[in-house]
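Numbers 2 to 61, taken from our numbering, label the letters of the sequence shown in order.
Built from N, CA and C at the ideal position, the CB exists for glycine as well.
Predicted, not measured: the structure shown is a model, and the values here were computed from it.
A quick write-up on the structure given underneath.
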Amino acid sequence: MNKYLRGFIAGSMMGIAAGILFMPNRNGEVKKKVFGNGKNIVGSAAQMMADMITDMKHNK
């Protein structure tokens with residue numbers, strides 16, 4: 002995978018996470034659902050990022 006595409010995907014994931022964290026507190030239920038399922042999402046995202054970094058190091 003192209004390193005620019007990987008950077009775009011990584012930046013998108015960080016932007017989504019920041020957007021969720023700074024979401025206005027109008028509807029607390031949405032945040033509760035997101036944070037309830039967030040542990041699985043964060044674990045998956047962390048693994049994907051680690052794999053991307055490893056691939057980038059090996060492709061240099």
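Residue range of the unbroken alpha helix (DSSP H) whose run includes residue 9:
Residue mapping note: residue 9 aligns to position 8 of the sequence shown, counting from 1. 4 to 22 is the extent of the alpha helix (DSSP H) around residue 9.
Given a cut-off of 8 Å on the beta-carbon distance, is the pair residue 4 and residue 50 in contact?
Reading the sequence shown from its first residue, position 3 is the one you call residue 4. Reading the sequence shown from its first residue, position 49 is the one you call residue 50. Cβ atoms of residue 4 and residue 50: not closer than 8 Å.
Length of the line joining the Cα atoms of residue 48 and residue 14:
Looking up residue 48 in the sequence shown gives position 47. Looking up residue 14 in the sequence shown gives position 13. Approximately 13 Å, taken between the alpha carbons.
Thinking C-beta only, is residue 11 closer than 8 Å to residue 53?
By one-based count along the sequence shown, residue 53 stands at place 52. By one-based count along the sequence shown, residue 11 stands at place 10. Contact: yes.
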